[in-house]
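As structure tokens, the structure follows; a few thoughts come after it.
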Amino acid sequence: MAIASLRSALKERTAALHHQLDQQVGEFTAQDDYADYVTRSYLFRAAIEPRLAGDGWQSPLLADVMAQDLADLGRSVPKTQTSETPRANRGERLGMLYVLEGSSVGARLLLRRAKAIGFSEDFGARHLGRQAGDIARWPQFLSVLEQTPAGEHEDVLRASEDAFRLALDAYTVAAP
Numbered sequence: 036m037a038i039a040s041l042r043s044a045l046k047e048r049t050a051a052l053h054h055q056l057d058q059q060v061g062e063f064t065a066q067d068d069y070a071d072y073v074t075r076s077y078l079f080r081a082a083i084e085p086r087l088a089g090d091g092w093q094s095p096l097l098a099d100v101m102a103q104d105l106a107d108l109g110r111s112v113p114k115t116q117t118s119e120t121p122r123a124n125r126g127e128r129l130g131m132l133y134v135l136e137g138s139s140v141g142a143r144l145l146l147r148r149a150k151a152i153g154f155s156e157d158f159g160a161r162h163l164g165r166q167a168g169d170i171a172r173w174p175q176f177l178s179v180l181e182q183t184p185a186g187e188h189e190d191v192l193r194a195s196e197d198a199f200r201l202a203l204d205a206y207t208v209a210a211p
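Taking the working numbering, the leading residue of the sequence shown gets 36, the next gets one more, and so forth.
In structure tokens:
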């Protein structure tokens with residue numbers, strides 16, 4: 036696979052999962068719907084962030100900020116499974132980061148929706164403010180991604196699919 040095609044391959048292999056996730060997130064138009072969204076997002080982030088430790092690209096960790104948002108929303112931080120999380124290799128990290136960094140693009144729209152129902156970067160939507168605040172991160176990440184050696188491409192692709200599935204699992208659980 037040519038280096039230039041890794042991004043295309045990621046987009047192609049994750050398109051159906053990405054679409055499913057967008058459908059699960061939906062459009063929150065009420066504060067309770069938004070609180071459910073933050074709770075589910077927390078579950079996803081708390082599950083994936085421990086695997087991101089390592090050298091190279093560092094994505095903002097948002098689980099702690101989401102916990103503050105949940106407190107603002109009058110919600111408890113949900114219990115998560117605590118187990119030894121295997122450290123991801125470089126390709127796997129990049130695949131997971133593709134999903135997390137890509138979500139920053141959508142965070143701009145979600146932040147506008149959160150503001151429309153009374154939240155802000157300082158109350159209830161801190162995590163969206165952090166994600167949406169640095170518009171240069173996505174193109175910078177893509178530049179890093181494009182430098183991935185061909186031998187790591189399959190790890191990147193597989194891990195991105197796994198990350199989308201993990202997010203789907205978090206968003207398809209019964210309402211907290």
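Backbone N, C-alpha and C define an ideal beta-carbon position, used for all residues, glycine too.
Please read all numbers here as calculations on a predicted model, not as lab measurements.
By the Cβ neighbour-count rule, R128 is buried, with 16 or more other Cβ atoms within 10 Å of its own. Non-local C-beta neighbours of G130 in its own chain, meaning closer than 7 angstroms and more than five positions away in sequence, comprise D190, V191, L192, R193, A194, S195 and A198, ordered along the chain.
Ranking Q55, F63 and H54 by CA distance to the CA of A151 puts F63 first. Separation of the CB atoms of W92 and L132 is rounded to 6 angstroms, and the pair is thereby assigned contact status at 8 angstroms. Runs of the beta strand (DSSP E) lying entirely within the region 84-136 and spanning at least 3 residues: none are present. Taking C-alpha positions only, R42 is separated from Q66 by approximately 35 angstroms. DSSP, read as helix, strand or coil, puts G159 in strand.
Of the other Cβ atoms in all chains shown, 16 or more fall within 10 Å of the Cβ of G159; this residue is therefore buried.
The residues L87, L132, L135 and E136, in chain order, have a CB closer than 7 angstroms to that of S94 in the same chain once the five nearest residues on each side in sequence are set aside.
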